[in-house]
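Visitor: Protein chains in written order, with our numbering: chain A, 514 to 628; chain B, 949 to 1060.
Structure incoming, see below.
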Amino acid sequence: GDSVTQTEGQVALSEEDFLTIHCNYSASGYPTLFWYVQYPGEGPQLLFRASRDKEKGSSRGFEATYDKGTTSFHLRKASVQESDSAVYYCALSALNVGDNSKLIWGLGTSLVVNP
Amino acid sequence: EAAVTQSPRNKVTVTGGNVTLSCRQTNSHNYMYWYRQDTGHGLRLIHYSYGAGNLQIGDVPDGYKATRTTQEDFFLLLELASPSQTSLYFCASRRDRNTEVFFGKGTRLTVV
């Protein structure tokens, strides 16, 4: 079945460091890919999404490019801030199955940014 | 901004007790979802629905029932709560397939 694999566990950085959180997926066709962010005490919220090969999604300085060749959608930010500390989820919504009304989620990556 | 409201926000119950978690969305969304979130497991889908009276089984349905009474309201029922159901529960909704999912703030359930 469809699946999402992302950088596991916790990533600890200092302010102004470069961030990469890896996300690879397994699905047929062209699934829609998402990045969600979850701040403490809240539910996840959408960062951005992409649905075509080479499409770039971006928001709040974060970006990711849909790459069908490598089945990846890696999250990057050039200079992180302490306020970026949160849990980040990669997810996909498949197009080709009979019931694609649910998202397939990665396990989440906890980002801790130290001042 | 889409709104998903969960109640209660916190709940403590005893083993074997009955619990109902409530969720209301005022977005006229078709799809609604119940997830549980646990450390090391991420978000796991319990049940979901694509309209009033409809119910679909998710990935971890054992021990849970759900009911979608109206377009707005989706309930999660634990009829014989067990300590393994101690978790943070999220309700979510979205308009159509492949659109953004909006989450509530969560309900923290403790079964003692």
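The C-beta atom is built at its ideal place from N, Cα and C for all residues, glycine as well.
Since A:Lys569 meets chain B, which of its residues come closer than 7 angstroms, beta carbon to beta carbon?
Guide: Here residue 569 of chain A corresponds to residue number 56 of the first sequence, with the count starting at 1. Going along chain B, no residue has its Cβ under 7 angstroms from A:Lys569, so there is no contact; the nearest lies around 18 angstroms.
Visitor: Tell me the rounded alpha-carbon separation between B:Tyr979 and B:Leu993.
Guide: The count along the second sequence starts at 1 and reaches residue 979 of chain B at position 31. The count along the second sequence starts at 1 and reaches residue 993 of chain B at position 45. Rounded to whole angstroms, B:Tyr979 to B:Leu993 spans 13 angstroms at the Cα level.
Visitor: Should B:His989 go down as buried or exposed, given a rule of 16 or more other Cβ atoms within 10 Å for buried?
Guide: Position 41 of the second sequence, counted from the first residue, corresponds to residue 989 of chain B. By the 10 Å Cβ count, B:His989 comes out exposed.
Visitor: Report yes if the CB atom of A:Cys536 is closer than 8 angstroms to the CB atom of A:Phe586, and no otherwise.
Guide: Within the first sequence, the letter at position 23 stands for residue 536 of chain A. Within the first sequence, the letter at position 73 stands for residue 586 of chain A. Result yes, Cβ atoms of A:Cys536 and A:Phe586 sit closer than 8 angstroms.
Visitor: Is there a Cβ from chain B that is less than 8 angstroms from the Cβ of A:Thr545?
Guide: As a first step, residue 545 of chain A is located in the first sequence; it is residue number 32 there, counting from the start. Yes, its Cβ sits closer than 8 angstroms to a Cβ of chain B.
Visitor: Can you grab the Cα-Cα spacing for the pair B:Arg972 / B:Thr1017, in whole Å?
Guide: Taking the second sequence and counting its residues from 1, the one referred to as residue 972 of chain B is at position 24. Taking the second sequence and counting its residues from 1, the one referred to as residue 1017 of chain B is at position 69. Straight-line Cα distance between these residues: approximately 10 angstroms.
Visitor: Suppose you measure from the CA of A:Ala604 to the CA of A:Thr520; what does that come to, to the nearest Å?
Guide: Here residue 604 of chain A refers to the residue found at position 91 of the first sequence. Here residue 520 of chain A refers to the residue found at position 7 of the first sequence. Taking the straight line joining both Cα atoms gives about 13 angstroms.
Visitor: Using only CA atoms, which one of B:Thr953, B:Val952, B:Thr963 and B:Arg957 lies nearest to B:Glu1027?
Guide: The residue given as residue 1027 of chain B occupies position 79 in the second sequence. Of B:Thr953, B:Val952, B:Thr963 and B:Arg957, the smallest CA-CA separation from B:Glu1027 is found for B:Thr963.
Visitor: Out of curiosity, what's the CA-to-CA distance linking A:Glu555 and B:Lys1053?
Guide: Here residue 555 of chain A is taken as the residue at index 42 of the first sequence, counted from 1. Here residue 1053 of chain B is taken as the residue at index 105 of the second sequence, counted from 1. Note on geometry: alpha-carbon atoms of A:Glu555 and B:Lys1053 lie some 5 angstroms from one another.
Visitor: Output the boundary residues of the beta strand (DSSP E) element that contains B:Thr961.
Guide: Indexing the second sequence from 1 puts residue 961 of chain B at position 13. Where B:Thr961 is concerned, the enclosing beta strand (DSSP E) stretches over Asn958 to Thr961.
Visitor: In chain order, what residues of the same chain lie with their CB nearer than 7 angstroms to the CB of B:Gly1011, ignoring the 5 residues before and after it?
Guide: To locate residue 1011 of chain B, count along the second sequence from 1; it is residue 63. Only Leu1026, Ser1030 and Gln1033 meet the Cβ criterion.
Visitor: Could you give the distance in angstroms between the alpha-carbon of B:Asp986 and the alpha-carbon of A:Lys569?
Guide: As a first step, residue 986 of chain B must be located in the second sequence, where it is residue number 38. As a first step, residue 569 of chain A must be located in the first sequence, where it is residue number 56. So the two alpha carbons sit approximately 31 angstroms from each other.
Visitor: Using the beta-carbon count (16 or more within 10 Å), is A:Phe531 buried or exposed?
Guide: Along the first sequence, one-based indexing puts residue 531 of chain A at 18. Burial call: exposed.
Visitor: Can you grab the Cα-Cα spacing for the pair B:Arg1045 / B:Val1059, in whole Å?
Guide: As a position in the second sequence, residue 1045 of chain B is number 97, starting the count at 1. As a position in the second sequence, residue 1059 of chain B is number 111, starting the count at 1. Those two C-alpha atoms are separated by around 34 angstroms.
Visitor: Once DSSP output is grouped into helix, strand and coil, what is the label at B:Gln1033?
Guide: Sequence index remark: in the second sequence, residue 1033 of chain B carries index 85 (1-based). It is helical.
Visitor: Which value, in whole angstroms, describes the spacing of the CA atoms of A:Thr551 and A:Gln558?
Guide: Counting from 1 along the first sequence, the entry for residue 551 of chain A is found at position 38. Counting from 1 along the first sequence, the entry for residue 558 of chain A is found at position 45. The sequence as given places Gln at residue 551 of chain A; Thr does not occur at that position. About 6 angstroms.
Visitor: Determine the chain B residues that contact A:Gly514 at a beta-carbon separation under 7 angstroms, and present them in chain order.
Guide: Position 1 of the first sequence, counted from the start, is the residue given in the question as residue 514 of chain A. By Cβ distance, chain B contributes nothing, its closest Cβ being about 10 angstroms from A:Gly514, past 7 angstroms.
Visitor: Got a sec: is the Cβ-Cβ distance from A:Tyr579 to anything in chain B below 8 angstroms?
Guide: Position 66 of the first sequence holds residue 579 of chain A. No, its Cβ sits nowhere closer than 8 angstroms to a Cβ of chain B.
Visitor: Identify the residues that DSSP records as bridge partners of A:Ser571: which are they?
Guide: Locating residue 571 of chain A in the first sequence gives position 58, where the first residue counts as 1. A:Ser571 is bridged to A:Glu576.
Visitor: May I have the straight-line CA-CA distance separating B:Leu1040 from B:Leu1057, to the nearest angstrom?
Guide: Within the second sequence, numbered from 1, the residue matching residue 1040 of chain B stands at position 92. Within the second sequence, numbered from 1, the residue matching residue 1057 of chain B stands at position 109. At residue 1040 of chain B the sequence reads Ala, which differs from the Leu that was named. In a straight line, the C-alpha of B:Ala1040 is about 17 angstroms away from that of B:Leu1057.
Visitor: Cβ closer than 7 angstroms: which chain E residues qualify as neighbours of A:Trp618?
Guide: The structure shown contains no chain E; its protein chains are A and B.
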